[in-house]
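If you read the sequences in order, they're chains A and E.
Each residue of the first sequence is one higher than the last, beginning at 1 in the UniProt record's numbering.
Each residue of the second sequence is one higher than the last, beginning at 1 in the UniProt record's numbering.
Idealized CB from N, CA, C, for every residue including glycine.
Only one structure is covered here, and it is reproduced in the block below.
Number of protein chains: 2
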Amino acid sequence: MNKVVIFGHKNPDTDSICSALAYADLKTQLGLSVEALRLGDINPETEFVLKHFQVEAPRLVSAVADEAKDVILVDHNERQQSASDIDAVHVTEVIDHHRIANFETSQPLYYRAEPVGCTATILRKMYFENGLSIPQPIAGLMLSAIISDTLLLKSPTCTEEDVKAVQALAEIAAVDYEEYGLQMLKAGADLGDKTALELISLDAKEFPMGTYKVEIAQVNTVDTNDVMVKQDELENVIAKVIADKELDLFVLVVTDILNSNSAALVLGRARHAVEQAYHVTLNNNTALLRGVVSRKKQVVPILTETLEKFQL
Amino acid sequence: MNKVVIFGHKNPDTDSICSALAYADLKTQLGLSVEALRLGDINPETEFVLKHFQVEAPRLVSAVADEAKDVILVDHNERQQSASDIDAVHVTEVIDHHRIANFETSQPLYYRAEPVGCTATILRKMYFENGLSIPQPIAGLMLSAIISDTLLLKSPTCTEEDVKAVQALAEIAAVDYEEYGLQMLKAGADLGDKTALELISLDAKEFPMGTYKVEIAQVNTVDTNDVMVKQDELENVIAKVIADKELDLFVLVVTDILNSNSAALVLGRARHAVEQAYHVTLNNNTALLRGVVSRKKQVVPILTETLEKFQL
């Protein structure tokens, strides 16, 4: 039996790491030969999670074609967010909760996307549908993924299903999810001695929008000033990324996880799209985006729609 | 509550019609306001099915944006196979069993594709997952869709799940599925007085493959000569379609449902791709494709792979 590998997106967040591990457990319970992989470094939040539940991180790889012929994607589908050699392998399954774009197969596959807050919420149903039980540490990982993606159930991406999943998984994992969740988010928001380049790379994703190439990075913090104080340095490294990747727009979304607002630092020739999308005026390249905490629900769709209509 | 409309692909086959009706029943049972629609004429096989189970055909529309803002696709996802104004509506769900291509959303959605023989096989699981029972006539429609797509369980697309679904649905529908299925397929294969244009339009789908534009039409018959005797007329109408749509390749697959072979009539400047893909030599534009009965599994992937490598 050929091994199948399972991985989340580049710049993996807690969902990408934990859902790869959880789905690998599910498949292993079904008797299949699988391995969870990761396409990038473990962030501080995920490090906290893995340590807390004493689970080892997936193996780090930079490409996947040497690992397996058949691969399973979790928490993403867009080619530019996936392994660099994704076109050289056969995607047999996708479990995801994002929009579908830049994804194409020549053969039928198992594709399961649901508009819920987290991939792990879908995986929880799949354990149930397959009549399997969720081991305690895996429940802890899945719980952490949902808390991370929904900012402790406060993000507009959070659905009733996510809330139910958190409650049920917290019971299996035997943790108080509110107390644990806040600790976990703070561990992720502890930007400590991060350099400007690390801050803009920690959780960055690229999206084609209309004819434009856009990168949106997000960092969580308990005080946006901790990040914005480095604005000059941030602008320098962002300008370099824009030049290197030929981006039209780079948005750094600095999210205050306690007050559920974000400060945006916006550069690139298509920067006026942000003003138009949010009815704000950029002041020294920055704007406060009130109530905005979700890249997926409150940034990507509105910028996509704006840029599809937009003429430079 | 806004109405949501549900429809299958253009040139609807039995699965596209029956799965739209079945999913509309499921959603209605869940208390939602939905309507099944169709994007084209009912073919003779589907007519036999609807008459047998005394169900009315979905309403015929040529565009969907005036019908609803939110739409659900069954049995397809590729834009060129969908409503002409698909870009003007919001696709909230897709239930399908085909490859994914030319499909893109700006927002997360419910997407469920499984590599099974028929959309109705997936819908049967969804009835179960939602704790709903399948009304007798709907079970008959779903059974018919699976028999149609799998050629009475003989196509290589047929999976164990399809077999189980057929057995369970036949019980609910109270029919002997083998006897009923053969009657149904013969009703569909009765090409009687169809014109050449009708024959190539009955079940035609367009696919971009690499940089090429390809249309693949399929007709089922109990004797391929009944169709091939009209070769001259068929070539005339195919040549016109090629010119009108600027196609690179048109393949008419004439499938012998009793012997599970197909005769192919191949025109267009990329016609040598068929020779290369199947290791055959076209003789007077035709070739016998032994054991080929499934467009999805035995035609589209191999032609896509061939054309992606192909230089004219």
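query, result
"Uninterrupted alpha helix (DSSP H) stretches inside the segment 192-246 of chain E (no shorter than 4 residues)", "196-201, 225-228 and 231-245"
"CA nearest to the CA of A/E47, picked from A/P301, A/D13 and A/G8", "A/D13"
"Positions along the segment 98-123 of chain E whose CB lies within less than 7 Å of some CB in chain A", "H98, R99, I100, A101, F103, E104, T105, S106, Q107, P108, L109, Y110, Y111, R112, A113, E114 and P115"
"Segment contact, 8 Å Cβ cut-off, at least three pairs: the segment 129-146 of chain E with the segment 160-173 of chain E", "yes"
"Limits of the unbroken beta strand (DSSP E) element including A/D70", "D70 to V74"
"Contacting positions in the segment 289-307 of chain E - beta carbon closer than 7 Å to chain A", "K296, P301, T304 and E305"
"Between the CA atoms of E/E35 and E/K3 - distance to the nearest angstrom", "7 Å"
"Presumed contact (8 Å Cβ cut-off) between A/I95 and A/A57, rounded CB distance", "About 20 Å; that fails the 8 Å criterion."
"DSSP-derived helix/strand/coil call for A/V34", "strand"
"Unbroken beta strand (DSSP E) run spanning A/E93, endpoints", "H90 to D96"
"Coil, strand or helix - E/L143 by DSSP", "helix"
"Sub-7 Å separation of E/M228 and E/L303 beta-carbons", "no"
"Alpha carbon of E/L32 to alpha carbon of A/I242, nearest angstrom", "46 Å"
"Cβ-based neighbour list, A/C118, same chain, cut-off 7 Å, excluding 5 preceding and 5 following", "D15, H97, A145, I146, D149, T150 and D162"
"Beta-ladder partner(s) of A/R59, from DSSP", "A/L37"
"Secondary structure of E/T286, DSSP reduced to three states", "strand"
"Beta-carbon separation (whole angstroms), A/I72 vs A/I6, contact threshold 8 Å", "4 Å"
"Extent of the continuous beta strand (DSSP E) run through E/K20", "Per the sequence presented here, residue 20 of chain E reads as Ala, with Lys not at that position. Looking at the DSSP string, E/A20 is not in any beta strand (DSSP E); the run it does join, the alpha helix (DSSP H), is T14 to Q29."
"Beta-carbon gap between A/I200 and A/A187 smaller than 7 Å", "no"
"Buried versus exposed, by CB contacts within 10 Å (16 or more), E/A273", "buried"
"The segment 60-71 of chain A touching the segment 83-94 of chain A, judged by at least three CB pairs closer than 8 Å", "yes"
"Exposed unless 16 or more other CB atoms sit within 10 angstroms - verdict on E/E114", "buried"
"Rounded straight-line distance, which links the Cα of E/P44 to that of E/K51", "10 Å"
"Assigned secondary structure, E/L182 (DSSP; H/G/I helix, E/B strand, else coil)", "helix"
"Cβ-Cβ distance between E/G181 and E/D75 below 7 Å", "no"
"Integer Cβ distance of E/P301 from A/Q107, believed to fall under 8 Å", "5 Å"
"Best match in E/G268, E/D256 and E/V280 for proximity to E/K245 [C-alpha to C-alpha]", "E/G268"
"Pick from E/T105, E/K230, E/D232 and E/R271 that is closest to E/D248, judged by C-alpha positions", "E/R271"
"E/D248 - DSSP class collapsed to helix/strand/coil", "coil"
"Where E/D255 sits in the DSSP three-state scheme", "Going by the sequence as given, residue 255 of chain E is Thr instead of Asp. In the structure shown, E/T255 sits in a strand (DSSP, three-state: E or B)."
"Straight-line Cα distance separating E/E93 from A/E93", "18 Å"
"Own chain, CB closer than 8 Å to A/L21, minus 5 neighbours either side, in chain order", "A36, V55, P58, I138 and L141"
"Through-space distance from E/K205 to E/Q81, alpha-carbon basis", "7 Å"
"Terminal residues of the alpha helix (DSSP H) in which A/F48 lies", "P44 to H52"
"Cβ-Cβ distance between A/Y111 and E/Y23 below 7 Å", "no"
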